[in-house]
Each structure stands twice: as structure tokens, then as C-alpha cells.
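Just below is one structure, and these are the notes that go with it.
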Amino acid sequence: MNRNEAMQLALGYAWASEDVSHVKTADPTGRNFGSFEFANAFADMQEAYNTERRGSMGPVADAYSVWQNTRGATADKHAEFDALTVQAGHAVSTAARS
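Numbering of the sequence shown is given in our numbering, commencing with residue 13 and proceeding in unit increments.
So this is what it looks like as C-alpha cells:
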């Protein structure tokens, strides 16, 4: 699958998920482009796989789940724990300042 095909697949999945769940795709930019940001991240992962900078490529459904769980920090399940840890650390440090 090339980059454009990966973007189309990810956009279609994100839009279908939004339609079914009535939950918008997480948007780390805050500009209401979450589905596009997810598609771009998924396409980046596919491109890395195609050029052998990545050893495996999971299904778009798994990538979308990770994207939603990390509020748009990553679509990569291997980086999910790190992203959630950073978010939790930010929440703790924000609470400590309050």
C-alpha cells in the first residue's frame, strides 16, 4: 500500500468510526482536523514500513484505537505506553501546580 492509499484507508476508517460512535477523532492540534491528523500519522507509519524503517504494520483499526486512547499523541501501538505515560506525567505536574 502506498502513502496515498494508506491516507485514504485511514480517513475512511476515521470518518466511519465518527459516524458510528458519534465521537470525533482525537485532534492534538485543536483545529478540528483529527481525522486528517490520524490519516497522516497512519500514512507515516505505512511509509516507514514500506522503506523498511519499521518492522511491522498493524491494521488501521488498531492504529485508530491507539490514536483515540492517546488523544492523538500517536497511532503506533509500540509508542502508546510512552505517550500515555507522558500525558499522565503532564496531568500530575499540572495538578501539582494548581
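Where a beta carbon is used, it is the ideal one built from N, C-alpha and C, also for glycine.
Other residues of its chain near residue i: CB distance less than 7 Å, five sequence neighbours each side excluded
i	result
F54	A18, A22, V72, A75 and A87
A38	G46, W79, Q80, R83 and G84
Q58	M13, R15, A18 and M69
K36	E30 and G46
E64	none
Buried versus exposed call for residue i [16 or more other C-beta atoms within 10 Å across all chains shown]
i	result
W27	exposed
A91	exposed
V78	buried
E49	buried
S29	buried
T41	exposed
Own chain partners of residue i with C-beta closer than 6 Å, once the 5 adjacent residues on each side are dropped
i	result
Y61	M69
| task | Please list the segments of the alpha helix (DSSP H) lying wholly inside the region 30 to 76, counting only runs of 4 or more residues, in order along the chain. | result | 46 to 62
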